[in-house]
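The sequence shown lines up with residues 2 to 982 when you count with my numbering.
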Amino acid sequence: MASTITGSMLPFPKFILRALRLRTATEEFGRAAKNYADLTSSPNAFAQQLVSPALRFSVHPDPLMVDYIVHLANRHIIPLSSVLHAMLHVEKSSPDGNLGSFNEILFLAFQRELNAVKPRAEDIFRVRNALEEWMDYFLSIKNKVEGAHALSLIHKCTLDALVQFMLAFGEHTEVGPILRSKQAPKPKQFSFSSKLSLFTTFMNQLYNPMIVSRLEAAYHIPTETTEDGTGVPGLMLGNNMLMPDGVVEGDMDSGPLARGAIYAWINAVFIGRPLIDNDILTGYLHNRYKTDVRGLICDFIIAILDNISCAISRGESAAFVFILRSFLSNKVPLLLSGPWLAIPPLEINDWLQYALSRVDSGSLYNISASRADPLAKSGRGADLFALPVDVRQEFLFACVLHNVLEEGAIQGILGDLPSQAGASQKLYEQDLARLFQQDPDKIEVKMEEIGTMEGNSGAVVRAVVQTMQSLCHNRETITLRTICSYLIRKPPFLDVIFLFEKPETLLKPLYQLLDNFQLDEDDQECQPVYEEFGYILLLVLTIMYRYDLKPDDYGGVFVPQLFKKVLLANSTISDDAENRRKTEGWIKELFEEQGVSNALMSSCQPQEFYNIVPNIISDTLLAAHEQQLNLQALHSGIQYFLQPFLLPSLLGVLSWLCNHLWETSESQKLKLPLEVLQALVLPPSLSEEARPMHQTVVSLAAPIIDRTLRQLIHTDANLTAAEKILSGISPYINTRRVSKATQRELESWTGSGQGGMLGALRSSVSGLVVWSASQDMNASPPFYSHKLILTCCTLSGSRAVVRALIDEVVKFQAQSPLLGDYAIDVAASVLSAPTADDFSRRVERNTQFILGEENDMNSNFDSSSRLLDELKVQEETAIAKSPPKDPFREAIVRVRRRVTTLVQPYVTNVVNQHPDLNHHFVADVHTQMVPNVGLGGMGDMAGMHGEGTGGGLMDGLDDDDLLGGGGANDYLDMDDMMEGF
């Protein structure tokens, strides 16, 4: 019988192709394939035919082929170890790794199924041997290409999948004990361990040590006592020793972590423009927590919630609460779902429940919308149907959206039924970008998602920014005007945008567009074109003023010149003849009944108009003073600055007026400019379109108006017009998102009776240390603002600030070692926190390291700010001049060592380095194929095989189809493979 089958069956490769063409069900394929397996000379030869590259005709593997292989391994028709050996043979046959995507899919498919499948005991050690060969393969590649970072993208993707499979295999409840048991062959055991040690050292260049630590623990060899009683030494990981319990020794700056330290660091990131960079953020967390995934996640979430709780209880601005909420719900779930963290899925529920239980929950739910959202109306204009804010539910439902946890777990975490729901669907950047391109009318609708707390903001932000860049490049200003108008009306949305994008990503293309913006000869109406230019410019100015950015940092010509000549306090009047001619033309038409003509605008480019605004308002007031222009005409003419097409130029008018008032000493000459200022800041009426633009312009000018008028009132208390203006702009005084202290904050620090600003600093740091040591797990966080540190640097100097921080460390070290360690952690986090001044420099240095331009891990990454430079100087001075046991010397050495650790650059992984390419390989391939891959699961794909459109293996075949020469163990022949196709 056997000889008959051998002589009549199709060659196995041709049999596979026939099955793929007919979309044969996996069960039926498996039954037939078993006959071939029984007749094949060896399992390895059989496996090599299964994974042969010749069976593939496209870049993406046939999902049914993956299903076949996994099914055969699940039914033990072919050993898993043989498949792994065959996969390695395929990988080695492709020097550039271009066949690796199939292996990547197989690794991930096997990894997913290991959770539900019990491997055969006799194959476990053979699988481990195959994994050793895979590790050796990647080590050889690394040596050839001179470093881990030089691996090709496909090799890195395959490596990612291999690591995921190794984790699943080693952590399997029945595999792990066998691998570590005494029955394991000792020579192979230590051969594998030696290879693993080299492999993990190599992995440390690419992966988070938390993943590396899990891998080491999964395959860890227990220490055994030898005959001389010394025991088997542990494995070396770089310069550290892996102890029997998996703990890494050698971290000389380690110590207890203070709750107040990460709380202060998070506060520093959000006191002004959000200083969010994925590598800096994850680097801080990784450097701080090393392999403690649970501590990282719990403390990180607790620190954000502590900041929200403190902000609400202390009456901080709604904008501050809003951006913290958005970070928690829109950014953190993305980070938690990313591959840089190896989160055990069965433990995340307990971790989130623990994190939420550590914070005063009373301040996190039932919050009025007006306290948590700066765009929500209060008082008479409040939305009566607006639900109270629950920060906990927002975060948990966003985690559900990003597959961090299951929706059914929310009730258990909260201890109550949730009162709200999450997003109806997950949004994707590329889908939105295509939608915006096809239907621009949908942009404004989708932009509403930026202000929600459902987890979709990141995708919308990136799609909107991508669309804006494209519109700038193509000079499609009509659609761009719509986007700019929307963002101008909702400045807090800009805060959310900068959670995901850097300012230069948005500003550079807008700068370039404004430089090249021109009125065309065929423009029938110039007013709409002026309006488009004005909206784009006003968005740029809103960003610059809101975050106190430097105009010269983003290239361009027009915007930097506008700031220097028009918007700064020393705005200049141009005496250029051409400018004088254009100024006279504008004054004439602004203050005549006919109004601004199309001919005037067509003769003056928008950039030219904005540059002569100081000339226009200066000459206008001079004419009014000399009674060449009556007051009625004056008030009528300045109303043009309140119309949408000229309204952004109002910022230049207000700047010039404030400068003029500051320089005017005679009271009689103050009346007219104050009257004009009042008419422009507090107009009796505005159009619906102009009102939000006007509010934005006034909010940008409010600080300089406030300072100017308060100085005038200080010298002349009878200026009632100034009092009215100050009252009118009061809601706009603190709307900017900058790290400079407000007047109220300065007064609270200097008037606290604690010894001035530095005394307030010491008290603040002391409060963080004591709070960290509190036995009350739900103790409310102390008030802390990183603005205090930065203000002290400005007023007292960096030297005094560093000295004050180290003095606090010395004080607490004298009280107890635990408090001393907490003080070191707090001081290090305060000193290493990013600031607006050094943020770009840190990002650039991290990028240089990631790209290989900076290869020295010990480079001075801790010298990237004034405080860190000063810390280094004072440490060197203390070492040179103080005895070894001096408390100040010991304290500053330990603080700087901790700082050096915290600011080291960190590469998350391949996904973060190559998001676009990795989207193709991981998202397009994994999510479409792997979720349906199962040991028997992929055969259920509707319409693909089995009872779908295909049919059974024998359906439609006659006897001739089943007859063929050769045995089942013949290797693939291309002529046979192509026959019949």
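In this text, a Cβ means the ideal position worked out from N, Cα and C, and glycines have one as well.
Please list, in chain order, all residues of the same chain as residue i whose beta carbon is under 7 angstroms from its beta carbon, the five residues on each side excluded.
{"i": "N268", "result": "N308, Y785, S786 and H787"}
{"i": "R274", "result": "F499, Y548, R738 and A837"}
{"i": "P552", "result": "M545, V560, P561 and F564"}
{"i": "L325", "result": "F271, I305, N308, I309 and A312"}
{"i": "Y290", "result": "G296 and L297"}
{"i": "H90", "result": "Q49"}
{"i": "V931", "result": "With a pLDDT of 35 at V931, under the threshold of 50, the predicted position of this residue should be treated as unreliable, though the coordinate-derived value follows. Excluding sequence neighbours, V931 sits near I106, L109, A110 and R113."}
Can you give me the Cβ contacts of residue i inside the same chain, cut-off strictly under 8 angstroms, excluding the 5 residues immediately before and after it?
{"i": "W772", "result": "R260, G261, A780, P782 and P783"}
{"i": "S598", "result": "E590"}
{"i": "G586", "result": "L601, S604 and C605"}
{"i": "N856", "result": "Here the model assigns N856 a pLDDT of 49, short of 50, so the residue's position is not dependable, and the following value carries that caveat. Cβ neighbours of N856 beyond the five flanking positions: F850."}
{"i": "I880", "result": "R890 and V894"}
{"i": "P389", "result": "Y366, N367, I368, S369 and A370"}
{"i": "K443", "result": "L436 and F437"}
{"i": "E172", "result": "R215 and A219"}
Since I believe residue j is in contact with residue i (beta carbons under 8 angstroms), could you give me their beta-carbon distance rounded to a whole number of angstroms?
{"i": "Q394", "j": "P419", "result": "5 angstroms"}
{"i": "I78", "j": "A34", "result": "6 angstroms"}
{"i": "F200", "j": "L140", "result": "6 angstroms"}
{"i": "L81", "j": "D39", "result": "Actually they are not in contact, since the Cβ atoms of L81 and D39 sit about 18 angstroms apart, beyond 8 angstroms."}
{"i": "S314", "j": "S364", "result": "5 angstroms"}
{"i": "L647", "j": "Y641", "result": "6 angstroms"}
{"i": "T792", "j": "A834", "result": "In fact, because the Cβ distance is near 14 angstroms, the residues do not count as touching under 8 angstroms."}
{"i": "P493", "j": "A399", "result": "Incorrect: roughly 18 angstroms between the Cβ atoms, too far for contact."}
Under 6 angstroms Cβ to Cβ from residue i, same chain only, skipping five residues before and after it: list those, please.
{"i": "W663", "result": "T709"}
{"i": "R895", "result": "I825"}
{"i": "D278", "result": "V844"}
{"i": "T5", "result": "Summary for T5: the model assigns pLDDT 32, below 50, so the residue's position carries little reliability; its value from the coordinates is reported in the next sentence. For T5, where only same-chain residues beyond five positions count, there are no Cβ hits under 6 angstroms."}
{"i": "P234", "result": "In this prediction, P234 scores a pLDDT of 34, lower than 50, which makes its location untrustworthy; the coordinate-derived value is nonetheless stated afterwards. Excluding sequence neighbours, P234 sits near nothing in its chain."}
{"i": "L472", "result": "T480 and L481"}
Need the endpoints of the alpha helix (DSSP H) that residue i sits in, please.
{"i": "L347", "result": "Unbroken run through L347: none, as it is neither H nor E."}
{"i": "Q712", "result": "A691 to T716"}
{"i": "Y823", "result": "P818 to S833"}
{"i": "Q608", "result": "P607 to N612"}
{"i": "T543", "result": "C527 to Y548"}
{"i": "R1", "result": "There is no way to answer for residue 1, as the model of the chain reaches only from 2 to 982."}
{"i": "N45", "result": "P44 to L51"}
{"i": "K93", "result": "L81 to K93"}
{"i": "A774", "result": "Element bounds for A774: n/a, residue is neither H nor E."}
{"i": "K443", "result": "K443 to M448"}
{"i": "Y487", "result": "T478 to R490"}
{"i": "G729", "result": "T721 to I730"}
{"i": "I734", "result": "Taken as a continuous stretch (DSSP letters only), I734 belongs to no alpha helix (DSSP H), as it is neither H nor E."}
Between the beta-carbon of residue i and the beta-carbon of residue j, is there less than 7 angstroms?
{"i": "L342", "j": "I414", "result": "no"}
{"i": "A805", "j": "L759", "result": "yes"}
{"i": "R129", "j": "F193", "result": "yes"}
{"i": "V900", "j": "L832", "result": "yes"}
{"i": "N331", "j": "G456", "result": "yes"}
{"i": "L643", "j": "V698", "result": "no"}
{"i": "E676", "j": "P645", "result": "no"}
{"i": "L337", "j": "V405", "result": "yes"}
{"i": "E533", "j": "R476", "result": "no"}
{"i": "K93", "j": "M136", "result": "no"}
{"i": "V497", "j": "S327", "result": "yes"}
{"i": "L762", "j": "A829", "result": "no"}
{"i": "V530", "j": "V567", "result": "no"}
{"i": "S700", "j": "Y733", "result": "yes"}
{"i": "V52", "j": "A87", "result": "yes"}
{"i": "Y264", "j": "C299", "result": "no"}
{"i": "D280", "j": "N847", "result": "yes"}
Answer yes or no: does any C-beta atom of chain B fall closer than 7 angstroms to that of residue i?
{"i": "S195", "result": "Structure shown: chain B not included; a single protein chain is present."}
Check: Is the number of C-beta pairs between the stretch 665 to 679 and the stretch 461 to 480 that are closer than 8 angstroms three or more?
Finding: no
Note to self: When you compare the stretch 444 to 458 with the stretch 651 to 663, are there three or more beta-carbon pairs, one atom per stretch, that lie closer than 8 angstroms?
What the structure shows: Cβ pair count under 8 angstroms is below three, so no.
Check: Does the stretch 808 to 815 come within contact of the stretch 879 to 898, defined as at least 3 CB pairs closer than 8 angstroms?
Finding: When C-beta atoms of the stretch 808 to 815 are compared with those of the stretch 879 to 898, three or more pairs fall below 8 angstroms, so the two segments count as touching.
Next item on the list: Would you check if there are 3 or more beta carbon pairs closer than 8 angstroms linking the stretch 712 to 724 to the stretch 745 to 762?
Entry: They do not touch, by the three-pair rule.
Notebook entry, point to check: Do the stretch 504 to 521 and the stretch 700 to 717 meet, that is, are 3 or more Cβ pairs less than 8 angstroms apart?
Noted result: no
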